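Number of protein chains: 2
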Amino acid sequence: MWCEVFSIEEVNVVSGSVTRARIVEAADELFYQHGYEHTSFAAIADEVRISRGNFYYHFKSKDEILDAVIDARVGARRAMLEQWEADEPTPGGRIRRFIHIVLTNRADIQNHGCPVGTLTTELAKLDHAALKDAKGLFEVFRVWLREQFALLGHEAQADALAMHVLAFSQGVATLANAFHDEEFICREVQRMCDWLSAYTGDAEQDVRDADAQANA
Amino acid sequence: MWCEVFSIEEVNVVSGSVTRARIVEAADELFYQHGYEHTSFAAIADEVRISRGNFYYHFKSKDEILDAVIDARVGARRAMLEQWEADEPTPGGRIRRFIHIVLTNRADIQNHGCPVGTLTTELAKLDHAALKDAKGLFEVFRVWLREQFALLGHEAQADALAMHVLAFSQGVATLANAFHDEEFICREVQRMCDWLSAYTGDAEQDVRDADAQANA
DNA sequence: AACAGAATAGGACAGCCATCCTAATTGCGA
DNA sequence: TCGCAATTAGGATGGCTGTCCTATTCTGTT
Chain A
1 MWCEVFSIEE
11 VNVVSGSVTR
21 ARIVEAADEL
31 FYQHGYEHTS
41 FAAIADEVRI
51 SRGNFYYHFK
61 SKDEILDAVI
71 DARVGARRAM
81 LEQWEADEPT
91 PGGRIRRFIH
101 IVLTNRADIQ
111 NHGCPVGTLT
121 TELAKLDHAA
131 LKDAKGLFEV
141 FRVWLREQFA
151 LLGHEAQADA
161 LAMHVLAFSQ
171 GVATLANAFH
181 DEEFICREVQ
191 RMCDWLSAYT
201 GDAEQDVRDA
211 DAQANA
Chain B
217 MWCEVFSIEE
227 VNVVSGSVTR
237 ARIVEAADEL
247 FYQHGYEHTS
257 FAAIADEVRI
267 SRGNFYYHFK
277 SKDEILDAVI
287 DARVGARRAM
297 LEQWEADEPT
307 PGGRIRRFIH
317 IVLTNRADIQ
327 NHGCPVGTLT
337 TELAKLDHAA
347 LKDAKGLFEV
357 FRVWLREQFA
367 LLGHEAQADA
377 LAMHVLAFSQ
387 GVATLANAFH
397 DEEFICREVQ
407 RMCDWLSAYT
417 GDAEQDVRDA
427 DAQANA
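Chain order of the listed sequences is A and B. Residues 1 to 216, numbered by our numbering, are exactly what the first sequence covers, in order. Residues 217 to 432, numbered by our numbering, are exactly what the second sequence covers, in order.
The following block contains the structure:
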C-alpha cells in the first residue's frame with residue numbers, strides 16, 4: 001500500500017517535463033495528506049511554486065492530475081514489489097515484508113491512513129471516474145500476494161489468502177489513523193506473522209527477529 | 217459500526233423540532249453516501265424539502281449539523297448494543313453478532329463502506345474539529361467489545377482483542393467497498409468466528425455451551 | 001380578533017474553486 | 001543574432017458554497 005519515495009528524475013524519464021513531474025509529486029503528497037477534493041490547485045501551486053494558470057499547459061483538468069498521480073503510484077508500487085523480489089529469496093519472506101509495511105510506515109499511516117485505501121474510499125464517495133484506476137492500485141498488491149501464496153503451494157486458496165492479508169493492512173491502517181496507537185500496530189503485525197507461519201511451514205518468527213533478518 | 221434505522225419520532229423526543237430531526241436524518245444519510253465535504257446544503261435542502269436559509273434557524277453552521285449527526289449515530293449505536301445485550305444471552309454471542317454486521321449490512325457496506333471508519337478517515341484528512349467526536353463513535357464499540365471479552369474471562373487481553381475485532385470490521389468494510397465481493401465478506405466472517413471460538417471455549421457456535429462456561 | 005413568537009422562504013453576499021485566456025518570458029535551433 | 005515554439009505568469013470568469021438578512025407565513029394564546 002505504501003511506498004518509498006522515488007526521485008523526480010526517475011519519474012521524469014518516462015513522463016517528459018520536469019515541471020509536470022513536480023506537479024504530480026506535490027499532488028500525490030497533498031492528495032494523501034488532505035484528500036483529493038480538499039486539495040486545491042492553489043495548494044499544489046504553492047507547493048510547486050508555479051502559477052495556477054500554468055497547470056493547464058501540463059494537464060487539462062484536475063481529474064487528469066489525479067490520473068497521473070494514480071499512474072505514478074502504480075509505478076512506484078510495482079517497483080517496490082520488484083525490489084522485494086530481488087531482496088527476499090522466499091515468498092514467505094516477501095509476504096512478511098508486506099505485513100511489516102504498516103510498521104515501517106507507521107508514522108505516515110497514523111497521520112494519514114493508507115494511501116490506497118483512503119483514496120479508494122474517497123473516490124467511491126465522490127462517485128469519481130478514477131475510482132476504477134484507484135482499485136487497480138489494490139489489484140497490484142492483490143495479484144502480487146496471490147502469486148506469493150501460490151508459490152508457497154496454496155494455489156487453491158491463494159486469492160482468499162491475498163485478500164485476507166489486504167484486509168489486515170486496511171483494518172490496521174484505519175484504526176492506527178484513528179487511535180494513533182503504535183502498540184496496536186505491533187501486536188497486529190505479530191499476530192499476522194504468526195498466522196502466516198502456518199502457511200510458510202517454518203517456525204513462528206518474532207517481530208524483532210524478522211526485522212533483524214530484513215536488515216541483515 | 218452500522219446500525220438499524222430508527223424513526224424520526226423517536227429521535228424527536230430528545231432533540232425537539234421535527235424539522236431539525238429530519239435535517240439530521242437526511243444529513244446522516246448523505247454524509248454517509250457522499251461524504252461530509254461533498255454534501256452541500258443544497259443537497260440536504262432538496263432531501264428535506266426545506267429552504268436553504270432556513271437551516272440557520274436550527275443550526276448555526278454546517279459543522280453543527282455534523283455534530284448533531286455524530287451525536288445521533290452515537291445514540292443509535294448505543295441503542296443497538298443495548299438491544300443486542302437483551303437479545304443475546306452470552307458475551308460470545310454478542311461478539312459474533314458484531315462480527316456478523318458486515319454481512320447483515322453488506323449492501324450498504326459494499327456501496328459506501330463503514331459509516332464510522334469512512335467518516336473518521338475523512339475528518340482526519342480535513343483536520344476537522346469534529347474528528348474527536350467521530351473517534352468517540354469507534355470508542356463506543358471498542359469499550360463494548362472490551363467488556364464482552366472481559367466477561368469471557370480475558371480481562372488482560374480484552375482491549376487488544378476488542379481492537380482486533382474492530383480492525384477486522386474495518387479491513388473487511390474497506391475491501392468490500394472497493395471490490396464488491398460478497399464471498400470475500402462471507403469467508404472473512406467465517407474466519408473471524410472460528411477465531412472467536414478459541415476465546416469462547418466452545419467448538420462451534422453452540423450458544424448453551426458458551427453460556428455455561430461464561431457463568432462458571 | 002389581535003398579537004407574539006416560532007418557523008420558513010428566498011434572495012443577497014463574499015469567498016473559494018477549477019478553468020480559461022492572453023501576454024510575457026524562456027530556451028533552443030539556424 | 002534572429003525567430004519560433006515551448007513554457008510560464010497572472011488576471012478574468014463563472015459556478016458553487018456556506019452564511020447572512022429580511023420579509024413572510026404559521027401557530028397558539030389571550
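Positions of the beta carbon are idealized from the N, C-alpha and C atoms, including for glycine. Just so you know, these numbers come straight off a predicted model, no measurement behind them.
- Residues of chain B with a Cβ closer than 8 Å to the Cβ of Lys135 of chain A are, in chain order, Ala394 and Phe395.
- Counting only the Cα atoms, Gln33 of chain A lies some 31 Å from Leu319 of chain B.
- Of the other Cβ atoms in all chains shown, 16 or more fall within 10 Å of the Cβ of Asn393 of chain B; this residue is therefore buried.
- Per DSSP, the continuous alpha helix (DSSP H) segment holding Thr118 of chain A begins and ends at Pro115 to Leu126.
- Taking 9 Å as the cut-off, the beta carbon of Thr120 of chain A is found no closer than this to the beta carbon of Phe141 of chain A.
- Contacts with chain A (Cβ-Cβ distance below 8 Å) from the stretch 238-261 of chain B involve Gln249, His250, Gly251, Glu253 and His254, listed in chain order.
- By the beta-carbon neighbour count (other beta carbons within 10 angstroms, threshold 16), Ala130 of chain A is buried.
- Taking a Cβ-Cβ cut-off of 7 Å, the neighbours of Gln170 of chain A in chain B comprise Gln386, Gly387, Thr390 and Leu391, given in sequence order.
- Sixteen is the threshold: when 16 or more other Cβ atoms of the shown chains lie within 10 Å of the Cβ of Asp28 of chain A, as they do, the residue is buried.
- In the structure shown, the three-state DSSP call for Ile50 of chain A is coil.
- Cβ proximity to chain A below 8 Å picks out Ala376, Met379, His380, Leu382 and Ala383 from the stretch 364-383 of chain B.
- In the DSSP assignment, Ala394 of chain B falls within the alpha helix (DSSP H) that extends over Ala374 to Phe395.
- DSSP places Glu371 of chain B outside both helix and strand once states are collapsed to three, so it counts as coil.
- Where Ala26 of chain A is concerned, the enclosing alpha helix (DSSP H) starts and stops at Val18 to His34.
- With contacts defined as CB atoms closer than 9 Å, Asp108 of chain A and Arg97 of chain A fail to qualify as a contacting pair.
- Against Leu342 of chain B, the close residues of chain A are His34, Gly35 and His38, in the order they occur along the chain (beta-carbon pairs closer than 8 Å).
- At least one beta carbon of chain B lies nearer than 9 Å to the beta carbon of Gly117 of chain A.
- Not a single CB atom of chain B sits nearer than 9 Å to the CB of Phe98 of chain A.
- Sixteen is the threshold: since fewer than 16 other Cβ atoms of the shown chains lie within 10 Å of the Cβ of Glu398 of chain B, the residue is exposed.
- A distance below 9 Å separates the beta carbons of Gln364 of chain B and Arg310 of chain B.
- Counting along the chain, Asn105 of chain A sits inside no alpha helix (DSSP H), nor does DSSP assign it H or E at all.
- Within chain A, the C-beta atoms nearer than 7 Å to that of Thr337 of chain B come from Gly113, Thr118, Thr121, Thr174 and Asn177, in chain order.
- The C-beta separation of Lys125 of chain A from Gly251 of chain B comes to about 4 Å, placing the pair in contact by the 8 Å criterion.
- With contacts defined by Cβ atoms closer than 9 Å, Ile44 of chain A and Ala26 of chain A form a contacting pair.
- In the structure shown, Ala130 of chain A falls within a coil segment according to DSSP collapsed to helix, strand and coil.
- Rounded to the nearest whole angstrom, the C-alpha separation of Thr255 of chain B and Gln386 of chain B is 23 Å.
- Where Ser61 of chain A is concerned, there is no enclosing alpha helix (DSSP H), because DSSP gives it neither an H nor an E.
- A straight-line Cα-Cα distance of about 13 Å links Glu188 of chain A and Thr174 of chain A.
- Per DSSP, Glu37 of chain A is not a residue of any alpha helix (DSSP H), being assigned neither H nor E.
- Neighbours of Arg403 of chain B in chain A, taken as residues at a C-beta separation under 7 Å, are given in chain order as Ala160.
- Here DSSP, grouped into helix, strand and coil, assigns Pro89 of chain A to coil.
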